[in-house]
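Enquirer: Structure incoming, see below.
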Amino acid sequence: MGEVMDAFLDRRAAVARLLEGRDGLLVVTGLGSPSYDVMAAGDHENNYYLWAAMGSAATVGLGLAKAQPERSVLVVTGDGELMMGMGALATIAVAKPANLTIAVIDNGQFGETGHQISHSGRGVEIAKIAESVGFAWTGIVRDDAGVDDLRRRLADRDGPRLATIKVSSEEAPRVLPLRDGVYIKNRFRAALGFQPL
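What the sequence shown shows, in numbering that gives the first Met the number 0, is residues 0 to 196, in sequence order.
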């Protein structure tokens, strides 16, 4: 049946730990809680928060990694959001962006729609799927040492990489980034040295 998630990492603390000392890391966030978690760790001009783009975080990260090959790109997304765009994993594996890492915050639930049990909560292992399609490195993170290992890998150029971070299903208070998509886009473009559109 469903996997018990309550003994795992605190999601907010795990994301903050992952982003420690982030330097020039470019971060794309998935819909909902991953955006709140990244925002809670500290707003940054190199954060690209996705609003109303469920299932698209991994492909946005792929495009960014291909467009900015000298920069490290991290996608922080949830298990439910990623599963809405599962085919993206095969596309990413074929494209082989060496600078892309995907961190899947996995609580085994569809948190944004009422905490129904998600596929991962029923035993589907996203890291194993990524491995099967050809990701260069995959892992399942269950403790702080695993988060630290993943953080050290962010600057590597041997990707793509994907780690599933197993977190508690406990909800954290929402810390909302700005919801102005044009502002977020233009701030992100400016941080990359481009003019606003």
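For glycine and all other residues, C-beta sits at the position ideal for the given N, C-alpha and C. Fair warning: this is a prediction, and the values are worked out from it, not measured in the lab.
(1) What is the residue span of the alpha helix (DSSP H) that arginine 160 lies within?
(2) Would you check if the distance between the CB atom of leucine 24 and the CB atom of glycine 60 is smaller than 7 Å?
(3) Does the Cβ-Cβ distance between alanine 39 and arginine 11 come in under 7 Å?
(4) Go ahead and label glycine 29 buried or exposed: buried means 16 or more other beta carbons lie within 10 angstroms of its beta carbon, across all protein chains shown.
(5) Kindly give me the distance between the Cβ atoms of isoleucine 125 and aspartate 78, rounded to whole angstroms, as I take these residues to be in contact under 8 Å.
(6) Does DSSP classify alanine 102 as helix, strand or coil?
(7) How would you write the range of the alpha helix (DSSP H) that glycine 138 sits in, first residue to last?
(8) Return the CA-CA distance between alanine 52 and alanine 15, expressed in angstroms with no decimal places.
(9) In terms of residues, what are the limits of the alpha helix (DSSP H) holding valine 59?
(10) If the criterion is Cβ atoms closer than 7 Å, does the pair serine 163 and aspartate 105 meet it?
(11) In or out: leucine 177 buried (at least 16 other Cβ within 10 Å) or exposed?
Expert: Quick look at the numbers:
(1) From DSSP, arginine 160 is part of no alpha helix (DSSP H) but of the beta strand (DSSP E) over 160 to 165.
(2) no
(3) yes
(4) buried
(5) 6 Å
(6) strand
(7) No alpha helix (DSSP H) contains glycine 138, which is instead part of the beta strand (DSSP E) from 136 to 140.
(8) 23 Å
(9) 56 to 66
(10) A small fix is needed here, since residue 163 is threonine in this sequence, not serine. Going by C-beta atoms, threonine 163 is nearer than 7 Å to aspartate 105.
(11) Label assigned to leucine 177: exposed.
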